[in-house]
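In the working numbering, the protein residues as written are 3 to 255.
Below is the structure:
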(Lines of atoms letter the chains of each structure in order from A and count residues from 1; the text may use other names and numbers.)
(Lines give C-alpha, C1' and ligand atoms only; values in the text may rest on other atoms or scores of the structure.)
Protein backbone atom coordinates (compact mmCIF):
# COMPACT_ATOMS: atom_id res chain seq x y z
CA UNK A 1 0.00 0.00 0.00
CA UNK A 2 1.43 3.36 -1.00
CA UNK A 3 1.49 6.21 1.46
CA UNK A 4 -1.60 8.36 1.09
CA UNK A 5 -1.29 11.94 0.02
CA UNK A 6 -2.56 14.65 2.32
CA UNK A 7 -5.58 15.91 0.40
CA UNK A 8 -6.76 19.45 1.09
CA UNK A 9 -9.11 20.09 3.97
CA UNK A 10 -12.22 22.19 3.30
CA UNK A 11 -11.56 25.91 2.97
CA UNK A 12 -12.56 28.00 5.99
CA UNK A 13 -13.02 31.72 6.45
CA UNK A 14 -9.37 31.94 7.56
CA UNK A 15 -8.20 31.09 4.06
CA UNK A 16 -7.05 33.96 1.83
CA UNK A 17 -9.82 33.12 -0.63
CA UNK A 18 -13.11 32.32 1.07
CA UNK A 19 -15.23 29.94 -0.96
CA UNK A 20 -18.90 30.86 -1.12
CA UNK A 21 -21.58 28.53 -2.40
CA UNK A 22 -23.20 29.60 -5.70
CA UNK A 23 -26.55 31.44 -5.32
CA UNK A 24 -28.58 28.44 -6.51
CA UNK A 25 -26.92 26.29 -3.84
CA UNK A 26 -27.57 28.94 -1.18
CA UNK A 27 -31.27 28.99 -2.09
CA UNK A 28 -31.42 25.21 -1.97
CA UNK A 29 -29.88 25.16 1.48
CA UNK A 30 -31.94 28.03 2.89
CA UNK A 31 -35.29 26.89 1.45
CA UNK A 32 -34.94 23.11 0.97
CA UNK A 33 -38.69 22.46 0.95
CA UNK A 34 -39.94 25.62 -0.79
CA UNK A 35 -40.02 25.09 -4.55
CA UNK A 36 -41.10 28.68 -5.10
CA UNK A 37 -37.76 29.88 -3.72
CA UNK A 38 -35.65 27.77 -6.09
CA UNK A 39 -34.73 28.12 -9.76
CA UNK A 40 -32.79 25.98 -12.22
CA UNK A 41 -29.63 26.92 -14.12
CA UNK A 42 -31.50 26.29 -17.37
CA UNK A 43 -34.27 28.77 -16.49
CA UNK A 44 -31.70 31.51 -15.84
CA UNK A 45 -29.81 30.81 -19.07
CA UNK A 46 -33.01 30.65 -21.10
CA UNK A 47 -34.21 33.99 -19.75
CA UNK A 48 -30.91 35.75 -20.45
CA UNK A 49 -30.43 34.34 -23.94
CA UNK A 50 -34.03 34.97 -25.00
CA UNK A 51 -33.86 38.61 -23.85
CA UNK A 52 -30.62 39.14 -25.76
CA UNK A 53 -31.71 37.19 -28.87
CA UNK A 54 -29.12 34.47 -28.33
CA UNK A 55 -26.07 36.70 -27.81
CA UNK A 56 -25.18 37.94 -24.35
CA UNK A 57 -24.34 41.59 -23.77
CA UNK A 58 -20.81 42.43 -22.60
CA UNK A 59 -21.91 43.32 -19.07
CA UNK A 60 -23.46 39.86 -18.70
CA UNK A 61 -20.68 38.06 -20.54
CA UNK A 62 -18.15 39.19 -17.94
CA UNK A 63 -19.91 37.12 -15.27
CA UNK A 64 -19.85 33.81 -17.18
CA UNK A 65 -16.97 31.46 -16.46
CA UNK A 66 -16.88 30.38 -20.15
CA UNK A 67 -16.83 33.99 -21.45
CA UNK A 68 -18.83 32.71 -24.44
CA UNK A 69 -21.37 34.99 -26.15
CA UNK A 70 -23.21 32.28 -28.06
CA UNK A 71 -24.62 29.25 -26.29
CA UNK A 72 -23.40 25.90 -27.64
CA UNK A 73 -25.68 22.97 -28.22
CA UNK A 74 -25.44 20.27 -25.54
CA UNK A 75 -22.51 17.97 -26.25
CA UNK A 76 -20.84 20.39 -28.69
CA UNK A 77 -17.08 20.67 -28.34
CA UNK A 78 -14.12 21.88 -30.33
CA UNK A 79 -12.15 18.71 -30.93
CA UNK A 80 -8.44 18.02 -30.96
CA UNK A 81 -6.34 15.65 -33.03
CA UNK A 82 -7.87 12.22 -33.48
CA UNK A 83 -6.09 9.20 -34.89
CA UNK A 84 -6.09 5.42 -34.83
CA UNK A 85 -4.77 4.18 -31.49
CA UNK A 86 -3.38 0.65 -31.39
CA UNK A 87 -5.05 -1.89 -29.07
CA UNK A 88 -7.75 0.43 -27.78
CA UNK A 89 -10.19 -1.05 -25.27
CA UNK A 90 -13.68 0.37 -25.74
CA UNK A 91 -15.62 2.10 -23.00
CA UNK A 92 -18.23 -0.59 -23.61
CA UNK A 93 -15.88 -3.04 -21.88
CA UNK A 94 -15.48 -0.87 -18.80
CA UNK A 95 -16.50 -2.71 -15.59
CA UNK A 96 -20.02 -2.21 -14.26
CA UNK A 97 -18.65 -0.75 -11.03
CA UNK A 98 -17.18 2.11 -13.07
CA UNK A 99 -20.34 2.58 -15.11
CA UNK A 100 -22.64 3.07 -12.11
CA UNK A 101 -20.07 5.03 -10.04
CA UNK A 102 -20.54 2.61 -7.14
CA UNK A 103 -16.83 2.08 -6.50
CA UNK A 104 -14.24 4.87 -6.23
CA UNK A 105 -11.05 4.81 -8.25
CA UNK A 106 -12.42 5.12 -11.79
CA UNK A 107 -11.27 8.33 -13.48
CA UNK A 108 -12.15 10.36 -16.57
CA UNK A 109 -9.48 12.43 -18.28
CA UNK A 110 -8.93 14.99 -21.01
CA UNK A 111 -6.68 17.85 -22.08
CA UNK A 112 -7.59 21.47 -21.39
CA UNK A 113 -6.26 23.75 -24.11
CA UNK A 114 -4.66 27.12 -23.44
CA UNK A 115 -3.16 29.87 -25.58
CA UNK A 116 0.00 29.35 -27.64
CA UNK A 117 -0.58 25.60 -28.00
CA UNK A 118 -0.34 24.94 -24.25
CA UNK A 119 -2.18 22.20 -22.38
CA UNK A 120 -2.86 20.71 -18.99
CA UNK A 121 -4.39 17.32 -18.26
CA UNK A 122 -7.54 17.14 -16.16
CA UNK A 123 -8.59 14.06 -14.20
CA UNK A 124 -11.95 13.57 -12.45
CA UNK A 125 -12.83 10.64 -10.19
CA UNK A 126 -16.30 9.37 -11.09
CA UNK A 127 -17.56 8.43 -7.60
CA UNK A 128 -16.53 11.62 -5.76
CA UNK A 129 -16.06 14.08 -8.69
CA UNK A 130 -12.66 14.89 -7.15
CA UNK A 131 -10.45 16.64 -9.73
CA UNK A 132 -6.70 16.73 -10.28
CA UNK A 133 -4.80 18.95 -12.71
CA UNK A 134 -1.55 17.80 -14.29
CA UNK A 135 1.07 20.12 -15.76
CA UNK A 136 2.26 19.07 -19.22
CA UNK A 137 5.55 20.14 -20.74
CA UNK A 138 4.44 18.88 -24.14
CA UNK A 139 1.33 17.34 -25.72
CA UNK A 140 3.03 14.34 -27.34
CA UNK A 141 1.91 10.90 -26.20
CA UNK A 142 5.14 10.05 -24.34
CA UNK A 143 5.01 13.22 -22.26
CA UNK A 144 1.29 12.83 -21.51
CA UNK A 145 1.62 9.18 -20.47
CA UNK A 146 4.57 9.95 -18.19
CA UNK A 147 2.91 12.96 -16.54
CA UNK A 148 -0.36 11.12 -15.93
CA UNK A 149 1.44 8.07 -14.53
CA UNK A 150 3.44 10.24 -12.15
CA UNK A 151 0.24 11.81 -10.81
CA UNK A 152 -1.80 8.60 -10.59
CA UNK A 153 0.98 6.73 -8.76
CA UNK A 154 0.65 9.19 -5.88
CA UNK A 155 -2.82 7.82 -5.14
CA UNK A 156 -3.59 4.93 -2.77
CA UNK A 157 -4.32 1.66 -4.51
CA UNK A 158 -8.07 1.82 -3.88
CA UNK A 159 -8.21 4.99 -6.01
CA UNK A 160 -6.36 3.45 -8.98
CA UNK A 161 -8.77 1.29 -10.98
CA UNK A 162 -9.38 2.70 -14.47
CA UNK A 163 -9.09 5.78 -16.69
CA UNK A 164 -11.54 6.76 -19.44
CA UNK A 165 -10.22 9.00 -22.26
CA UNK A 166 -11.31 10.10 -25.71
CA UNK A 167 -9.54 8.97 -28.87
CA UNK A 168 -7.08 11.85 -28.97
CA UNK A 169 -3.60 10.90 -30.21
CA UNK A 170 -2.06 12.13 -26.95
CA UNK A 171 -3.14 8.80 -25.38
CA UNK A 172 -1.44 6.66 -28.05
CA UNK A 173 0.99 5.33 -25.43
CA UNK A 174 -1.73 4.07 -23.14
CA UNK A 175 0.18 0.79 -22.72
CA UNK A 176 3.08 2.67 -21.11
CA UNK A 177 0.68 4.39 -18.73
CA UNK A 178 -0.99 1.10 -17.79
CA UNK A 179 2.33 -0.66 -17.22
CA UNK A 180 3.48 2.13 -14.88
CA UNK A 181 0.23 2.39 -12.91
CA UNK A 182 -1.66 -0.91 -13.32
CA UNK A 183 -4.61 1.28 -14.39
CA UNK A 184 -6.49 0.16 -17.51
CA UNK A 185 -7.42 2.85 -20.06
CA UNK A 186 -10.84 2.72 -21.76
CA UNK A 187 -11.56 4.80 -24.84
CA UNK A 188 -14.79 6.65 -25.62
CA UNK A 189 -16.59 6.40 -28.94
CA UNK A 190 -15.60 9.10 -31.46
CA UNK A 191 -17.25 12.50 -30.94
CA UNK A 192 -18.97 11.37 -27.73
CA UNK A 193 -17.92 13.83 -24.99
CA UNK A 194 -20.97 12.91 -22.88
CA UNK A 195 -19.28 9.57 -22.20
CA UNK A 196 -16.90 11.57 -19.99
CA UNK A 197 -19.62 13.79 -18.57
CA UNK A 198 -17.99 14.49 -15.21
CA UNK A 199 -14.76 15.53 -16.88
CA UNK A 200 -16.54 17.75 -19.40
CA UNK A 201 -18.45 19.48 -16.62
CA UNK A 202 -15.28 19.98 -14.59
CA UNK A 203 -13.44 21.46 -17.56
CA UNK A 204 -16.28 23.95 -17.88
CA UNK A 205 -15.95 24.91 -14.21
CA UNK A 206 -12.19 25.29 -14.64
CA UNK A 207 -12.69 28.08 -17.17
CA UNK A 208 -13.61 30.33 -14.24
CA UNK A 209 -10.02 29.95 -13.02
CA UNK A 210 -8.33 29.40 -16.39
CA UNK A 211 -10.26 31.53 -18.92
CA UNK A 212 -10.00 30.82 -22.63
CA UNK A 213 -6.90 32.44 -24.06
CA UNK A 214 -4.80 31.79 -20.93
CA UNK A 215 -1.29 30.46 -21.47
CA UNK A 216 -1.51 27.54 -19.04
CA UNK A 217 2.23 26.77 -19.30
CA UNK A 218 2.94 29.64 -16.89
CA UNK A 219 1.23 27.80 -14.03
CA UNK A 220 3.38 25.59 -11.82
CA UNK A 221 2.12 22.23 -10.57
CA UNK A 222 1.67 23.80 -7.12
CA UNK A 223 -0.52 26.53 -8.60
CA UNK A 224 -2.57 23.95 -10.49
CA UNK A 225 -2.98 21.99 -7.24
CA UNK A 226 -4.35 25.13 -5.58
CA UNK A 227 -6.86 25.66 -8.40
CA UNK A 228 -7.94 22.03 -8.11
CA UNK A 229 -8.35 22.49 -4.35
CA UNK A 230 -10.68 25.47 -4.85
CA UNK A 231 -12.67 23.47 -7.39
CA UNK A 232 -12.91 20.45 -5.09
CA UNK A 233 -14.37 22.59 -2.33
CA UNK A 234 -17.35 23.76 -4.38
CA UNK A 235 -20.64 22.08 -3.33
CA UNK A 236 -22.20 19.96 -6.07
CA UNK A 237 -25.89 19.31 -6.57
CA UNK A 238 -25.09 15.82 -7.84
CA UNK A 239 -23.38 15.10 -4.48
CA UNK A 240 -26.35 16.37 -2.44
CA UNK A 241 -24.45 19.65 -2.02
CA UNK A 242 -21.41 18.03 -0.48
CA UNK A 243 -18.02 18.89 -1.95
CA UNK A 244 -15.76 16.48 -3.85
CA UNK A 245 -13.13 16.97 -1.14
CA UNK A 246 -15.61 15.88 1.53
CA UNK A 247 -16.63 12.84 -0.50
CA UNK A 248 -13.02 11.84 -1.03
CA UNK A 249 -12.18 12.17 2.66
CA UNK A 250 -15.13 9.89 3.46
CA UNK A 251 -13.78 7.29 1.02
CA UNK A 252 -10.30 7.40 2.56
CA UNK A 253 -11.43 7.02 6.18
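We put the beta carbon where it would ideally sit given N, CA and C, even for glycine. Predicted model only: the values in this text are computed from it and were never measured.
Can you tell which of 214, 131 and 150 has the C-alpha that lies nearest to the C-alpha of residue 233? When 214, 131 and 150 are compared, the shortest CA-CA separation from residue 233 is found for 131.
Rounded Cβ spacing between residue 271 and residue 215 (contact assumed at less than 8 Å): Since the first and last residues shown for the chain are 3 and 255, residue 271 lies out of range.
Taking 8 Å as the cut-off, decide whether the C-beta atoms of residue 212 and residue 114 are in contact. A distance below 8 Å separates the beta carbons of residue 212 and residue 114.
If you draw a straight line from the alpha carbon of residue 127 to that of residue 237, how long is it in whole angstroms? Straight-line Cα distance between these residues: approximately 15 Å.
Would you say residue 154 and residue 137 are within 8 Å of each other, going by their C-beta atoms? Cβ atoms of residue 154 and residue 137: not closer than 8 Å.
Where does the unbroken alpha helix (DSSP H) through residue 189 begin, and where does it stop? Annotation for residue 189: no alpha helix (DSSP H) segment contains it, though the beta strand (DSSP E) segment containing it runs 186-189.
Using the Cβ count rule (16 or more neighbours within 10 Å means buried), how would you classify residue 174? Around the C-beta of residue 174, 16 or more other C-beta atoms lie within 10 Å, and the residue is accordingly described as buried.
Label residue 110 either buried or exposed according to how many other C-beta atoms from any shown protein chain fall within 10 Å of its C-beta, with 16 as the threshold for buried. That one is buried.
For residue 231, is the classification buried or exposed, using 16 other Cβ atoms within 10 angstroms of its Cβ as the cut-off for buried? By the 10 Å Cβ count, residue 231 comes out buried.
DSSP three-state label for residue 255, please. Correct three-state label for residue 255: coil.
If residue 96 and residue 166 are in contact, beta carbons under 8 Å, what's the gap, nearest whole angstrom? That pair is a contact at about 7 Å.
Taking 6 Å as the limit between beta carbons, can you name the residues of its chain near residue 103, skipping five residues before and five after? Once the five neighbours on either side are set aside, the close Cβ partners of residue 103 are 128 and 129.
Three-state secondary structure (DSSP) at residue 90? Of the three classes helix, strand and coil, the one that applies to residue 90 here is coil, per DSSP.
If distances are taken between C-alpha atoms only, which option among 194, 193, 255 and 170 comes closest to residue 90? Closest option to residue 90, Cα to Cα, is 170.
Supposed close pair residue 112, residue 198 - CB separation, criterion 8 Å: So it is a contact: roughly 6 Å between Cβ atoms.
Going by CA-CA distance only, name the one from 188, 255 and 219 that's closest to residue 92. Checking every option, the nearest Cα to that of residue 92 belongs to 188.
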